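Numbering (our numbering), first residue to last: 392 to 839. For reference, the structure discussed in these notes is given below.
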Ligand code: TRP
């Protein structure tokens with residue numbers, strides 16, 4: 392372990408940072424609209440299944456490689472298998488981090504803007520808001536700027552402290568909103584849509600969407616957990632930490648759905664409305680509540696903080712790579728990566744009605760995702776690339792590094808791991824690569 396790379400200040404410090412990365416817009420913005428687009432209950436079950444049998448075991452693998460090597464994703468692969476093409480998998484992760492941040496930052500900018508929109512009582516008008524190029528770009532730039540400042544100054548200080556206070560408050564607010572949303576007239580139909588599975592709604596696209604969402608929400612498939620694992624001490628119990636992270640993350644997503652769907656059906660909105668869903672339905676809920684505008688601004692403050700702990704982690708991966716490998720100063724690297732990401736994100740920012748070319752981009756066919764540039768980026772980097780990255784990395788860890796070596800690393804600090812060691816080794820070598828491979832093949836219509 393190189394002393395100068397730094398370590399988490401405590402066990403909780405790591406769990407908070409990793410859970411902070413996992414919990415974000417993916418849970419409250421992306422999860423409900425993907426559930427809505429994919430027909431409800433059956434998708435939710437499939438998602439939970441993937442979190443348990445693929446997400447969690449795969450998370451252990453990333454964390455173990457990270458702690459073993461104390462390196463960024465590319466460096467970690469180099470440490471195990473020097474001078475091999477496997478390091479391209481790490482490089483894909485670095486690129487994916489920039490790709491995700493480029494559209495994620497745009498949504499985070501909207502979230503930030505909604506704090507003021509709620510405070511000013513301007514509850515409606517989502518479409519006009521996101522089609523205003525100037526505001527959307529300013530808000531996006533601002534969010535990237537805050538992210539940059541924090542990554543620049545180090546993650547341990549302010550942000551760790553603030554998220555420790557604000558995330559539990561978010562949890563309490565969500566619980567309150569669940570009660571409120573379910574008291575509305577017509578809420579039961581929403582609960583039925585959300586919780587009663589209709590398996591006829593499952594198609595190849597649905598399966599990939601569920602798997603992609605599991606990876607996206609848990610921050611897996613691009614080496615983020617390798618990077619965060621690299622700051623872990625050998626005494627750490629990786630197994631229980633990973634279980635906590637998965638439980639927190641999944642609980643928040645499920646809770647968001649318990650608010651959105653009852654409210655949405657009570658208000659007669661369309662569950663398949665896509666990325667606008669949360670920005671349309673939540674404000675409508677606040678509009679009806681006592682002190683709704685206050686609660687609403689507060690909600691968007693908390694959501695912005697949740698997004699910020701995620702954008703920090705997205706920027707940290709390319710930065711960690713360039714700092715470790717290119718030996719340039721952290722200062723220059725952070726600004727360069729952030730500036731580049733901002734430029735890559737501009738088409739996404741302009742794809743919600745302000746520029747027709749980006750609004751109807753349509754490179755990826757319609758049956759897979761929406762035609763706008765932002766949805767297409769979300770599909771390419773947020774679904775496909777994470778699943779593909781996880782496929783390659785699990786093969787690397789199970790076969791090249793060796794599942795036994797990975798398991799030995801996991802065992803340090805996690806005595807309970809012995810009991811599931813054999814099952815885990817099977818999962819990482821056979822089950823995960825096989826299932827992910829099939830799902831990716833299916834995407835190209837191989838089984839149709
Ligand atoms: N998990 C985050 C969310 O749900 C998004 C995210 C942050 C992410 N870092 C990541 C996704 C790394 C994949 C990989 O909002």
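Glycine included, C-beta positions come from ideal geometry on N, C-alpha and C. Everything numeric in this text was worked out from a predicted model, so none of it was measured.
query	result
Could you tell me which of 622, 665 and 466 sits nearest to residue 651, measuring between CA atoms?	665
Tell me which residues share the same chain as residue 823 and place their Cβ nearer than 7 angstroms to its Cβ, disregarding the 5 neighbours each side in the sequence.	445, 448, 449 and 785
Given a cut-off of 8 angstroms, decide if residue 509 and residue 674 are closer than it, judged by their beta-carbon atoms.	yes
With 16 as the cutoff for other CB atoms within 10 Å, does residue 814 come out buried or exposed?	exposed
Within 10 angstroms of its Cβ, does residue 743 collect 16 or more other Cβ (buried), or is it exposed?	buried
Please report the straight-line C-alpha distance between residue 801 and residue 808, rounded to a whole angstrom.	7 angstroms
Using a threshold of 7 angstroms, is the CB atom of residue 607 nearer than that to any non-hydrogen atom of the ligand TRP?	yes
If you measure from the CB of residue 491, is any heavy atom of the ligand TRP nearer than 7 angstroms?	yes
Taking the alpha-carbon of residue 461 as reference, which of 624, 753, 656 and 727 has the nearest alpha-carbon?	624
Once you ignore the five residues that flank residue 677 on each side, which residues in its own chain have a CB closer than 8 angstroms to its CB?	509, 514, 683, 684, 686, 687 and 690
Measuring only the C-alpha atoms, how far is residue 644 from residue 705?	19 angstroms
Exposed or buried, what is residue 394 when buried is set at 16 or more other beta-carbons lying within 10 Å of its beta-carbon?	With a pLDDT of 38 at residue 394, under the threshold of 50, the modelled position of that residue is not reliable, and the figure given next carries that caveat. Exposed.
Is there at least one non-hydrogen atom of the ligand TRP closer than 7 angstroms to the beta-carbon of residue 557?	no
To the nearest angstrom, report how far apart residue 843 and residue 465 are at their CA atoms.	A query on residue 843 cannot be resolved here, the shown segment of the chain reaching from 392 to 839 and no further.
Alpha carbon to alpha carbon, how far is residue 750 from residue 658? Give it in angstroms, no decimals.	27 angstroms
Taking only the alpha-carbon atoms, compute the straight-line gap between residue 615 and residue 672 and give it to the nearest angstrom.	31 angstroms
Taking C-beta to C-beta, are residue 621 and residue 457 nearer than 8 angstroms?	yes
How close, in whole Å, do the beta carbons of residue 698 and residue 502 come, if the pair is a contact with beta carbons under 8 angstroms?	6 angstroms
Along the chain, where does the alpha helix (DSSP H) containing residue 821 start, and where does it finish?	No alpha helix (DSSP H) holds residue 821; DSSP gives it neither H nor E.
Indicate the three-state DSSP secondary structure (helix, strand or coil) for residue 398 in the structure shown.	coil
Do residue 834 and residue 599 have their CB atoms nearer than 8 angstroms?	yes
Give me, in chain order, the residues of the same chain whose beta-carbon lies closer than 6 angstroms to that of residue 772; leave out the 5 immediate sequence neighbours on both sides.	487, 490 and 491
Where does residue 428 fall in DSSP's three states?	helix
Could you give the residue range of the alpha helix (DSSP H) that holds residue 803?	Per DSSP, residue 803 belongs to no alpha helix (DSSP H) and is neither H nor E.
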